[in-house]
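Using the numbering used here, you'd call the opening residue of the sequence shown number 1267 and step up by one each time.
Backbone N, C-alpha and C fix where the C-beta goes; we use that ideal spot for every residue, glycine too.
The next block holds one structure in the form of structure tokens; read it before the comments.
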Amino acid sequence: MAESKRKWLAGVVQWLYPGLKIKRWLILAMLGLGLVMLAFTLLIGPEIIYYTGKAVYPLLTELSHAAFNLLLLLLGLLLILVGLHRASKAVGEVLQTRNKRPLIQELFTRRYLAGGPRLVAIGGGTGLSTLLRYLKEYTSNLTAVVTVTDDGGSSGRLRGELGMLPPGDIRSCLLAMADTEPVMERLFQHRFTGGSGLEGHSFGNLFIAAMTEMYGFQEAIRLFGQVLAIRGQVFPVTLNMVQLQAEDTQGRLIRGQSVLYSSRGPLRRISLLPPDCKPLPEVICAIQEADAVVLGPGSLFTSVIPNLLVPGIVEALRRTSAAKIYVCNVMTQPGETTGFTAADHVEALLKHSAPDLLDYVLVNSDLAIPPNKLEPYRQNGAELVRPDFERLHRLAPRVIASPLIDRNMVTHHNGKALARLVVDQVEEFINRRRSRGLRGRLYHFNSSVRRHIAGSKRVSGGSRR
């Protein structure tokens, strides 16, 4: 009983939070009610009001007492609070959100997320979707830019048979940014295990394929995002059909992303075929308006760098006033980055873009992983990425080291810790830019509110070098 009362009171108090953009309209409505009452008084005639008041005045004089007046005031306030609560509950039952949150909590969350930093995340694969899943808890001004070079698995089959762009990475990003029930995510991630022609396909990929035939690829993504109620927007980096070509350290040329995974040695350089593909205008616009652009995490040569090879992307990154942040992988990938240190990752990225592209590099500092967890990956040629700080400092102005590895799945980042660290650096960058008087969007995103929305604490234990 006490718990239900506490929740009721907390729900009422939330209506008083600033920034909901509701109280101003309630005040306006009450002002309108006052004008209606005044007009009604003038219509029935001031004389009637006067004589009615004269008759009632003696009764009010007798009732006038400090305790009675206070009780009347409290009763009026209680009725207002109960009325607001019941009205919001009634409206919430009709307009119930997908995630079953109370209406006031949904309004509160949406308003404050709308005041979050404008972030652009560039990449593909599992790494990007892992980051997006937690960045959406800090801001709804989120744009994912996804590579479209995948030619294997379900995406590769749809690409070859239907002539459409590969939907797999885009599907993963859309689902990561979704504000919907878990059953919806499981449905669109479901992969068929049998059936002629269906085996290996994910339902989400087939859904995008059907929408593409009806509306075109870009519109299909937008409509899929509406179905999932995503926080932000997702774009392919280009609408052109492109293919990866790579040169390894032995000078051999390898064509096709799926073939790159089976390469025996580290890669030296990659390129796009055809090289004259066009970037999506919405991507260029998002980069120009961003507070920060995050590159990675994800496969260096197959998820991150391919986006930078699209003409116009690097130029947009160099023109924007946004912070450019590279998230280095926590483990190497056999065949792509065998033996790479953190500095090797950064050097490869800069070699394919511009020497002065980055403002921040985020690296994992937690290398004390139990050997039994690492051994299965070492047998396949993967190892932890070492943060060689002396070289890193020559490549980027700021290098941030923090425990970012997921100890349950050591090939992945801890998405929650990574998102917190990214947003902390972005907030620091924006505040520093404002203090220097540089042109930029007025930024106010209260840290305590941000942590309340995300439901987590700040990163602790990280070292800044």
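Short Cβ contact (8 Å threshold) for residue i with residue j
{"i": "Ser1569", "j": "Gly1393", "result": "yes"}
{"i": "Met1430", "j": "Leu1494", "result": "no"}
{"i": "Pro1621", "j": "Gly1389", "result": "no"}
{"i": "Gln1509", "j": "Ser1565", "result": "no"}
{"i": "Pro1545", "j": "Val1576", "result": "yes"}
{"i": "Pro1383", "j": "Ala1614", "result": "no"}
{"i": "Leu1397", "j": "Leu1684", "result": "yes"}
{"i": "Ala1387", "j": "Val1560", "result": "yes"}
{"i": "Asp1690", "j": "Pro1663", "result": "no"}
Span separating the alpha-carbon of residue i from that of residue j
{"i": "Ser1395", "j": "Thr1413", "result": "12 Å"}
{"i": "Val1302", "j": "Gly1342", "result": "21 Å"}
{"i": "Gln1645", "j": "Ile1571", "result": "27 Å"}
{"i": "Val1651", "j": "Val1348", "result": "58 Å"}
{"i": "Pro1433", "j": "Ile1474", "result": "7 Å"}
{"i": "Ala1410", "j": "Cys1439", "result": "7 Å"}
{"i": "Arg1521", "j": "Thr1375", "result": "46 Å"}
{"i": "Leu1640", "j": "Thr1603", "result": "17 Å"}
{"i": "Glu1581", "j": "Ile1550", "result": "9 Å"}
{"i": "Tyr1592", "j": "Val1627", "result": "5 Å"}
{"i": "Gly1381", "j": "Phe1483", "result": "30 Å"}
{"i": "Leu1337", "j": "Lys1320", "result": "24 Å"}
{"i": "Ile1310", "j": "Arg1497", "result": "53 Å"}
{"i": "Ala1486", "j": "Gly1531", "result": "38 Å"}
{"i": "Leu1526", "j": "Gln1511", "result": "9 Å"}
{"i": "Leu1424", "j": "Leu1464", "result": "11 Å"}
{"i": "Asn1630", "j": "Leu1299", "result": "60 Å"}
{"i": "Glu1649", "j": "Tyr1643", "result": "7 Å"}
{"i": "Gly1461", "j": "Glu1555", "result": "46 Å"}
{"i": "Ser1587", "j": "Arg1488", "result": "27 Å"}
{"i": "Tyr1481", "j": "Ala1609", "result": "44 Å"}
Residue from the options whose Cα sits closest to the Cα of residue i
{"i": "Phe1454", "options": "His1678, Asp1445, Leu1472", "result": "Leu1472"}
{"i": "Gln1523", "options": "Phe1606, Gly1422, Arg1377", "result": "Gly1422"}
{"i": "Arg1585", "options": "Ala1552, Ser1537, Ser1529", "result": "Ala1552"}
{"i": "Cys1594", "options": "Val1665, Leu1379, Phe1695", "result": "Val1665"}
{"i": "Leu1519", "options": "Asn1506, Leu1533, Met1507", "result": "Leu1533"}
{"i": "Gly1491", "options": "Gly1531, Ala1442, Tyr1527", "result": "Ala1442"}
{"i": "Thr1677", "options": "Phe1695, His1611, His1659, Ile1635", "result": "Ile1635"}
{"i": "Asn1674", "options": "Asn1638, Val1689, His1611, Arg1702", "result": "Asn1638"}
{"i": "Leu1539", "options": "Asn1506, His1659, Ser1529, Leu1464", "result": "Asn1506"}
{"i": "Met1477", "options": "Gly1460, Gln1511, Thr1504, Arg1437", "result": "Arg1437"}
{"i": "Ser1619", "options": "His1679, Leu1304, Leu1661, Ala1648", "result": "Leu1661"}
{"i": "Arg1452", "options": "Thr1459, Gly1461, Gly1470, Thr1405", "result": "Gly1470"}
{"i": "Pro1541", "options": "Gly1578, Gln1516, Leu1344, Arg1686", "result": "Gly1578"}
Close beta carbons around residue i, own chain, < 6 Å, minus the five adjacent residues each side
{"i": "Arg1535", "result": "Glu1513"}
{"i": "Gly1466", "result": "Ser1420"}
{"i": "Arg1457", "result": "Ser1468"}
Spatial neighbours of residue i in its chain, beta-carbon cut-off 8 Å, leaving aside the 5 residues before and after
{"i": "Thr1607", "result": "Val1651, Arg1652, Pro1653, Asp1654, Arg1657"}
{"i": "Leu1623", "result": "Val1580, Leu1583, Arg1584, Lys1590, Leu1615, Leu1616"}
{"i": "Thr1504", "result": "Val1414, Cys1543, Lys1544, Pro1545, Leu1546, Val1576"}
Coarse secondary structure for residue i, derived from DSSP in three states
{"i": "Tyr1592", "result": "strand"}
{"i": "Thr1415", "result": "coil"}
{"i": "Ser1726", "result": "For Ser1726, the predicted structure reports a pLDDT of 37, less than 50, and the residue's modelled location is therefore unreliable. The matter cannot be settled from this model."}
{"i": "Pro1502", "result": "strand"}
{"i": "Met1597", "result": "strand"}
{"i": "His1611", "result": "helix"}
{"i": "Gln1511", "result": "strand"}
{"i": "Ser1569", "result": "helix"}
{"i": "Thr1392", "result": "helix"}
{"i": "Ala1556", "result": "coil"}
{"i": "Val1525", "result": "helix"}
{"i": "Arg1497", "result": "coil"}
Neighbour flag for residue i against chain B, beta carbons, 8 Å
{"i": "Val1692", "result": "In the structure shown, chain B does not exist; there is a single protein chain."}
Neighbourhood of residue i by C-beta distance below 7 Å, restricted to the same chain and skipping five residues each side
{"i": "Asn1680", "result": "Leu1670, Ile1671, Asp1672"}
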